[in-house]
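Asks:
Numbering (my numbering), first residue to last: 116 to 496.
1. Just to confirm the assignment, what range does the beta strand (DSSP E) spanning residue 314 have?
2. Taking DSSP as the reference, what is the three-state secondary structure of residue 96?
3. Measure how close the beta-carbons of residue 159 and residue 222 come, nearest whole angstrom, since I'm counting them as under 8 Å.
4. Kindly indicate the opening and closing residues of the alpha helix (DSSP H) around residue 441.
5. How many angstroms separate the CA atom of residue 154 from the CA atom of residue 256?
6. Can you list, in chain order, the residues of its chain with a C-beta nearer than 7 Å to that of residue 133? Leave out the 5 residues immediately preceding and following it.
7. Straight-line CA distance for residue 267 to residue 441?
8. Assuming the contact rule is C-beta atoms closer than 8 Å, residue 394 and residue 238 should be a hit. Round their C-beta distance to whole Å, please.
9. For residue 259, which residues of its own chain have a beta-carbon under 7 Å away from its beta-carbon, when the five flanking residues on both sides are left out?
10. If we ignore side chains and look at the alpha-carbon of each, how far apart do residue 298 and residue 495 end up?
11. The alpha helix (DSSP H) spanning residue 239 covers which residue range?
12. Please give the ranges of any beta strand (DSSP E) in the segment 368 to 433, keeping only runs that are unbroken, at least 3 residues long and fully inside the region.
13. Distance check for residue 272 and residue 168, CA to CA, integer angstroms please.
14. Using 8 Å as the threshold, is the C-beta distance between residue 274 and residue 429 below it?
15. Measure the alpha-carbon distance for residue 180 versus residue 415 and round it to whole angstroms.
16. Taking only three categories from DSSP, how would you classify residue 333?
17. Using the C-alpha atoms, what's the distance from residue 152 back to residue 189?
18. From the DSSP output, in three-state form, read off residue 209 for me.
19. In chain order, which beta strand (DSSP E) runs of at least 3 residues are fully inside the segment 134 to 203?
20. Between 125, 465 and 444, which has its C-alpha nearest residue 290's C-alpha?
21. Taking C-beta to C-beta, are residue 486 and residue 127 nearer than 8 Å?
22. Using a Cβ-Cβ cutoff of less than 7 Å, which residues in the same chain neighbour residue 339 once the five nearest sequence positions on both sides are dropped?
23. Take residue 386 as the anchor and find which of 124, 469, 248 and 183 has the nearest alpha-carbon.
24. Taking residue 282 as the reference, give the member of 473, 446, 471 and 465 with the closest Cα.
25. Take the Cβ of residue 230 as the centre, count every other Cβ of all protein chains shown within 10 Å, and call the residue buried at 16 or more, exposed below.
26. Along the alpha helix (DSSP H) that carries residue 299, what are the first and last residues, could you check?
27. Check each candidate in 211, 161, 311 and 384 and name the one with the smallest Cα separation from residue 417.
28. Whole angstroms are fine: how far does the CA of residue 254 sit from the CA of residue 248?
29. Apart from the five residues just before and just after residue 316, which ones in its own chain have a Cβ nearer than 8 Å to its Cβ?
30. Just tell me which of 370, 300, 147 and 240 has its CA closest to the CA of residue 333.
31. DSSP three-state label for residue 119, please.
32. With a Cβ-Cβ cutoff of 8 Å, do residue 141 and residue 493 count as a contact?
33. If you drop the 5 nearest sequence neighbours on each side, which residues of the same chain put their C-beta closer than 6 Å to that of residue 335?
34. Which runs of the beta strand (DSSP E) at least 3 residues long sit entirely within the segment 274 to 298? Give them in chain order.
35. In angstroms with no decimal places, state the Cα-to-Cα distance between residue 313 and residue 392.
36. On the premise that residue 431 lies in contact with residue 145, defined as a C-beta separation below 8 Å, what is that separation, rounded to the nearest angstrom?
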């Protein structure tokens, strides 16, 4: 596992906990990889305390190696594949009167395949906002619209950082639509809402963690380069919630160990019930990132981004993030697929995995062990 993949996982969990403070019971869905790779471009031009705070918040090990690691990771992830579509796109928008250093521009291109587009924030902020939103929409197959809300870009904006990620994959073992039925999903102890519950019975990588009363299931996508993992704690009987305990105690080491294929069983048939769901969440990340220790970069007086323009006066005005996921019978987002699993004949009892109460889930790029998306599904939308 590369240093940048492990720092990305550590950052994913810390960011999740911070977002959880503001929203302890609702849905959460983010792409930690796209956030950290976008901020790594800013880190490229950060100096002094600003750089130190960013490295700490993003769990980067210090040194130049971070950018070379991201370059390799982006190449691995963006490599064309017949079995899924995955696009990670980054772009910086800079005020055209700010003189960006050619060294900085070359480095963002080299490590992040990101160009810096100069725009007229001072004279036409609203037109800049529309241009940025239109680029994001194109990069995400029109799934993410209006990333930047009215008012987020104004005449004082000098630098806008935009990252977009789009994923579409089909399950290795698709669900049959005929098996999808309406079932109750428990959002609170005594409250349920109806969901369309998908069902299948297959041999799937499974783990049970007794200490946390936690079931873990891996659902591979076609080609097995990517997988969705579902972390389903036991249903809470008293409101204290095994989910709360899990969210507090989940570490990068535990997550890696629990979801390592060699620690998972693939012998028993899993009787799986999983809701169809669609989440679209948007975040203004300045405050959560500041809580993780990244304060200076957002302050006009204390940000040191002199590696970008050779002088002071640059600061980051906003980090807006929006992520979309749709899970259905065919896969994540949608398209047709087929897959078959061969069963062994010796009898092993079935494992029941019924996701009819809140759970955590993440989508991982298996080769690099990078978490592309991380979320909590707790209330159907």
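Don't be surprised by glycine CBs; every beta carbon is placed ideally from N, CA and C.
Every value quoted in this text rests on a predicted model; they were computed, and no experiment measured them.
Replies: Short version:
1. Here residue 314 refers to the residue found at position 199 of the chain shown. Segment 306 to 318, the beta strand (DSSP E) holding residue 314.
2. In the structure displayed, the chain extends from 116 to 496; residue 96 sits before or after that span and is not available.
3. On the chain shown, position 44 is the one that residue 159 refers to. On the chain shown, position 107 is the one that residue 222 refers to. 5 Å between Cβ atoms; contact.
4. Reading the chain shown from its first residue, position 326 is the one you call residue 441. Counting along the chain, residue 441 falls outside any alpha helix (DSSP H), though it belongs to the beta strand (DSSP E) covering 435 to 442.
5. Counting from one through the chain shown, the residue named residue 154 turns up at place 39. Counting from one through the chain shown, the residue named residue 256 turns up at place 141. One C-alpha to the other measures close to 23 Å.
6. Taking the first residue of the chain shown as position 1, residue 133 is located at position 18. If we look at residue 133 and ignore the five residues flanking it on each side, its Cβ neighbours are 403, 406 and 407.
7. Locating residue 267 in the chain shown gives position 152, counting from the first residue. Locating residue 441 in the chain shown gives position 326, counting from the first residue. About 27 Å.
8. One-based indexing of the chain shown puts residue 394 at position 279. One-based indexing of the chain shown puts residue 238 at position 123. Contact doesn't hold; Cβ gap of about 37 Å is too wide.
9. Your numbering for residue 259 matches position 144 in the chain shown. Closer than 7 Å at the Cβ level, and outside the excluded window around residue 259, lie 251, 252, 279, 437 and 439.
10. Residue mapping note: residue 298 aligns to position 183 of the chain shown, counting from 1. Residue mapping note: residue 495 aligns to position 380 of the chain shown, counting from 1. Roughly 12 Å separates the two Cα atoms.
11. Taking the first residue of the chain shown as position 1, residue 239 is located at position 124. Premise fails: residue 239 is in no alpha helix (DSSP H) and is neither H nor E.
12. 384 to 390 and 392 to 399
13. Translated into the one-based positions of the chain shown, residue 168 becomes position 53. Translated into the one-based positions of the chain shown, residue 272 becomes position 157. Each residue's Cα considered, the two are about 22 Å apart.
14. Locating residue 274 in the chain shown gives position 159, counting from the first residue. Locating residue 429 in the chain shown gives position 314, counting from the first residue. Yes, these two residues count as a Cβ contact at 8 Å.
15. Sequence index remark: in the chain shown, residue 180 carries index 65 (1-based). Sequence index remark: in the chain shown, residue 415 carries index 300 (1-based). Cα to Cα, the separation comes out at about 28 Å.
16. Counted from its first residue, the chain shown places residue 333 at position 218. In this structure, residue 333 counts as strand in the three-state DSSP scheme.
17. As a working mapping, residue 189 is identified with position 74 in the chain shown. As a working mapping, residue 152 is identified with position 37 in the chain shown. Those two C-alpha atoms are separated by around 9 Å.
18. Numbered from 1 along the chain shown, position 94 holds the residue referred to as residue 209. Looking at residue 209 - three-state DSSP - the assignment turns out to be strand.
19. 143 to 145
20. Position 175 of the chain shown, counted from the start, is the residue given in the question as residue 290. Selected option, being the one with the closest Cα: 444.
21. Along the chain shown, read from residue 1 onward, the residue named residue 486 stands at position 371. Along the chain shown, read from residue 1 onward, the residue named residue 127 stands at position 12. Yes, they are a contact pair.
22. Within the chain shown, the letter at position 224 stands for residue 339. Cβ within range, chain order: 287 and 481.
23. Counting from 1 along the chain shown, the entry for residue 386 is found at position 271. It is 469 whose Cα lies nearest to the Cα of residue 386.
24. Along the chain shown, read from residue 1 onward, the residue named residue 282 stands at position 167. It is 446.
25. Along the chain shown, one-based indexing puts residue 230 at 115. It is exposed - the Cβ of residue 230 has fewer than 16 other Cβ atoms within 10 Å.
26. Position 184 of the chain shown, counting from 1, holds the residue named residue 299. That residue, residue 299, is in no alpha helix (DSSP H); its beta strand (DSSP E) goes 296 to 303.
27. Stepping through the chain shown from its first residue, residue 417 is reached at position 302. The shortest C-alpha separation from residue 417 is found at 161.
28. Working through the chain shown from its first residue, we reach residue 248 at position 133. Working through the chain shown from its first residue, we reach residue 254 at position 139. In a straight line, the C-alpha of residue 248 is about 10 Å away from that of residue 254.
29. Reading the chain shown from its first residue, position 201 is the one you call residue 316. Taken in chain order, the residues that qualify are 384, 385, 386, 387 and 465.
30. Along the chain shown, one-based indexing puts residue 333 at 218. Selected option, being the one with the closest Cα: 370.
31. In the chain shown, residue 119 corresponds to position 4, counting from 1. Correct three-state label for residue 119: helix.
32. Numbered from 1 along the chain shown, position 26 holds the residue referred to as residue 141. Numbered from 1 along the chain shown, position 378 holds the residue referred to as residue 493. Closer than 8 Å, so yes.
33. Within the chain shown, residue 335 is the residue found at index 220, counting from 1. Contacts found: 287 and 342.
34. 274 to 285
35. For the purposes of this step, residue 313 is identified with residue 198 of the chain shown, where counting begins at 1. For the purposes of this step, residue 392 is identified with residue 277 of the chain shown, where counting begins at 1. Residue 313 and residue 392: Cα-Cα distance of roughly 10 Å.
36. Counting from 1 along the chain shown, the entry for residue 145 is found at position 30. Counting from 1 along the chain shown, the entry for residue 431 is found at position 316. Contact doesn't hold; Cβ gap of about 18 Å is too wide.
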